[in-house]
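Structure first, commentary second.
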Amino acid sequence: MTKIVGGIVQLPDGVVVPAVLAFGDSIVDTGNNNNLVTIAKANYSPYGQNFLGGFPSGRFCNGKIPSDLIVNELGIKEVLPAYLDPKLQPVELLTGVSFASGGSGYDPLTAKLWELYEIGARRIAVTSAPPLGCLPAQRTLAGGKQRECAEEQNEASALFNSKLSNALDQFNKDCKHLRAVYIDIFNPLLDLIKNPRSYGFEVSDRGCCGTGLIETSLLCNTMNPFTCKDVTKYVFWDSYHPTEKAYQTLFIPILKRKASSFYCGDRRIAGELATRVESWEAMSDKVRPREWWLRMNP
């Protein structure tokens, strides 16, 4: 699956990013749930209708998701494979995989970041919570007859993000050589939802799949006759997850803007585990990805 591409993100001279590891939920799950016992799956049409020739890979999207866009823009490879993919080749581990699982919950931030730090991670990006009250499903469930954004949920997201940002600031102070960067998704996505036409979209209050009001996972399927004809007009693919175009609109500018924040003048290669690894055996002496996945997804 590895395909080295020319990234557009400008890094400081002498700095390379040899690998990206993704942890999280369905936003960055590139197919791990395909091989887990869960109803939260997306390995069937119309999911993936615009992904590498229409392949439903297990991504909760019509196409690529943030983890794919990040490795592509950094020039590492075209997409980030799922760690639990039975077809995964050992060489892929050297340039990164996704350990994320759709439907996973929130874990204690400090404990999980400390685990990553202890095994060598030195460059960590942590994204904020989105404006949850403006997700199509939440507008349907809590937005009243007019399906307005549920402000109580948005306020809860904003409070969480404030505490998250403060926690990361403290974590950076406590850990030597660490760059843990807070990535604000809340405000860019909220602006995209409120002003879709400014970004080249037309619909932001519902998803493309089905009616777009509540469908996700199993309810988003080819039996639903209401799926939109032109996904490029929509901010959301289903009632929870943005489209590939929306992800591109959000994450590529953020990546360009934030990339230098991981170094702040430090010209060394990114992190202790980012040294050039000649073989999987050399890295496996220090950390085994399956153990990472089990620890991060108990």
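Per our numbering, the very first residue in the sequence shown carries number 67; after that it's consecutive. Backbone N, C-alpha and C define an ideal beta-carbon position, used for all residues, glycine too. Predicted model only: the values in this text are computed from it and were never measured.
Paired residues, beta bridge with Arg245 - DSSP: Arg189
Simplified DSSP assignment, three categories, for Ala177: helix
query: Are Asn220 and Gly199 touching if we call contact CB-CB under 7 Å?
result: yes
- prompt: Between the segment 156-169 and the segment 183-196, do at least 3 Cβ pairs fall closer than 8 Å?
  reply: no
message: Can you look up Ser231 in the DSSP assignment and give me helix, strand or coil?
response: helix
task: Work out the CA separation of Cys127 and Leu114 for me, nearest whole Å.
output: The sequence given here has Gly at residue 114, not Leu. Taking the straight line joining both Cα atoms gives about 6 Å.
query: Skipping 5 residues on each side, what residues in its chain have a beta carbon closer than 8 Å to that of Pro308?
result: Cys127, Leu255, Val301, Phe302 and Leu316
message: Let me make sure I understand the geometry here. Which of Ala208, Arg188 and Ile320 has the alpha-carbon closest to that of Ile136?
response: Ile320
- prompt: Looking at Val94 and Ser133, is the spacing between their C-beta atoms short of 7 Å?
  reply: yes
field: In chain order, each beta strand (DSSP E) run of at least 3 residues that lies wholly inside the segment 239-307
entry: 245-249, 269-273 and 300-302
- request: With a 10 Å radius around its C-beta and 16 neighbouring C-beta atoms as the bar for buried, classify Asn232 as buried or exposed.
  value: exposed
- request: Express the C-alpha separation of Ser170 and Lys322 in angstroms, rounding to a whole number.
  value: 28 Å
task: Below 6 Å CB to CB, which residues in the same chain sit around Asn290 once its five sequence neighbours on both sides are set aside?
output: Gly276
Own chain partners of Glu347 with C-beta closer than 7 Å, once the 5 adjacent residues on each side are dropped: Residue confidence for Glu347 is low, a pLDDT of 41 falling below 50, so the modelled location carries little weight and cannot support an answer.
Beta-bridge pairing of Ser170 - partner residues as DSSP gives them: Beta-bridge pairing links Ser170 to no other residue.
task: Identify, in the order they occur along the chain, each residue of the same chain with its Cβ nearer than 6 Å to the Cβ of Ser92, setting aside the five sequence neighbours on each side.
output: Phe126 and Gly168
- request: May I ask which residues mark the beginning and end of the alpha helix (DSSP H) holding Tyr329?
  value: Where Tyr329 is concerned, there is no enclosing alpha helix (DSSP H), given that its DSSP letter is neither H nor E.
task: Could you tell me whether the segment 269-288 touches the segment 241-252, using the rule of 3 or more Cβ pairs below 8 Å?
output: no
- request: Could you say if the segment 256-263 and the segment 282-298 meet the contact criterion of at least three C-beta pairs nearer than 8 Å?
  value: no
field: DSSP three-state assignment for Ala106, whether helix, strand or coil
entry: coil
Ser111 in three-state terms, based on DSSP: coil
Same chain, Cβ closer than 7 Å to Leu234, five either side skipped, listed in chain order: Val192, Ala246 and Tyr248
task: Would you kindly report the start and end of the unbroken alpha helix (DSSP H) that includes Asp95?
output: Premise fails: Asp95 is in no alpha helix (DSSP H) and is neither H nor E.
- request: Output the boundary residues of the alpha helix (DSSP H) element that contains Pro319.
  value: Glu310 to Lys324
For Ser223 and Pro262, believed in contact at Cβ under 8 Å, the rounded distance: That pair is no contact at about 20 Å.
query: What is the rounded straight-line gap between the Cα of Ile318 and the Cα of Phe292?
result: 30 Å
query: For the alpha helix (DSSP H) that contains Leu135, what are its first and last residues?
result: Pro132 to Glu139
task: Please report how far the alpha carbon of Cys294 lies from the alpha carbon of Lys153, in whole angstroms.
output: 33 Å
Glu17 to Leu160 span [Cα, whole Å]: What is shown of the chain runs 67 to 364, which leaves residue 17 out entirely.
Check whether Ser305 and Phe252 have beta carbons under 7 Å apart: no
query: From which residue to which residue does the alpha helix (DSSP H) around Thr206 run?
result: Pro202 to Ala208
field: Whether Gly162 touches Val86 by CB criterion (7 Å)
entry: yes
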